[in-house]
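When we follow the working numbering, the leftmost residue of the sequence shown carries the number 253, and every step to the right adds one. The beta-carbon is built from N, C-alpha and C at its ideal position, and this holds for glycine as well. Down below is the structure, laid out as structure tokens.
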Amino acid sequence: MKPGLKLVEVVSNQASIVAPVGISVLQKSSRPSPKFPNLEELDIGGLDITIKILYEARQIRSLHKLRKLSVEHLNDVHILFDFDGLTVTEGRVESLLGQLKSLKMLNLPKLVHITTKVRKGIYVFKNLTSLDVGKCGSLRYLFSPSMANSLVALESLEVVDCEAIVEIVEEEEEEGTLEIEMVEERMANKIVFPNLYSLQFKNLERFRTFTSQNYKIVFPSLEKLEIRHCPVMTKFWLQQKMITAKELSISWDGKM
């Protein structure tokens, strides 16, 4: 495969292989992972064998043009992006996966983190517009507060059939995510999704609220809100002051 490759699909469930951009199948191979600086689309699915997706620092930094990532039907994925060991010089910032616009995760029963160990000065998903999450039965939260507040381009968020999800935004960790001091300075206890127009939550058995932390959630562009079959959701977090959209279609069958 050539460095100019723009589309990669990994769908084999038979062979023991080392796939592109740091995807190590069977977690055993010592072969170096190839880099694809022009890769724009990556689809992974239908792998019945043990797989670990691990994007190391040198590999993440090579994904300058990745625009679409789809990860489906993988039984042993725990972490999608592990940023452990990746740092930037003090006082500087770096954007990673900055061209990624579409992220789809479907039927990943052991997934517990989308990202982990994102250090101070590192920004991810700044141009992400669409996030679809379905049938990820071990995922309890989607974002840390700092990561949520960096999703300025996000337009559509859909979470379906994830029985472990309790909140969308979790409490900020002291280690691993962006530092709390930075979060407090930039966020001022408010998380804003300036371009989010569609929000859909369906069949989430344990989903309680968007966040239980002391943050105001603001959706100035929200036009569609659909909440179905979320039986333990009791806190309606969309207060009037959080929404400035002219029209808002709400479908909700939870409890008040």
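DSSP places S322 inside the beta strand (DSSP E), whose first and last residues are 320-326.
Following the DSSP letters along the chain, one finds S382 inside the beta strand (DSSP E) bounded by residues 382-386.
Spanning the alpha carbons of V412 and L456 requires a straight line of approximately 7 Å. Looking only at P472, Y467, D334, the smallest Cα-Cα distance to L448 is reached by P472. DSSP places S398 in the helix class (H, G or I) of the three-state scheme. In this model, V370 and P483 are separated by some 33 Å (Cα to Cα). Rounded to whole angstroms, the gap between the alpha carbons of K387 and T368 is 20 Å. In terms of Cα proximity to S347, the closest of L403, N327, P397 is L403. The Cβ atoms of H316 and N359 do not sit closer than 7 Å to each other. The C-beta separation of Q465 from E423 comes to about 6 Å, placing the pair in contact by the 8 Å criterion. A400 sits away from N379, with the two beta carbons spaced by 7 Å or more. Between P397 and V364 the beta-carbon gap is near 18 Å, outside 8 Å, which marks them as no contact. Shown here for E419: same chain residues with a beta carbon closer than 7 Å to its own, the five before and five after excluded, namely Y393, R460, T461, F462, T463, S464 in chain order. Around P361, the same chain offers N327, K387, C388, G389, S390 as residues with beta carbons nearer than 8 Å, after the five sequence neighbours per side are excluded. Boundaries of the beta strand (DSSP E) harbouring M357: 354-358, taken from the DSSP string. Cβ neighbours of Q452 within its own chain (closer than 6 Å, five residues either side excluded): E410, E478.
Residues V340, R344, V345, E346 of the same chain have their beta carbon placed closer than 7 Å to that of G373, with the five preceding and five following residues left out of the count. Following the DSSP letters along the chain, one finds R480 inside the beta strand (DSSP E) bounded by residues 476-480. For K442, the enclosing beta strand (DSSP E) stretches over residues 442-444. At a Cβ-Cβ threshold of 7 Å, L355 and L338 do not count as neighbours.
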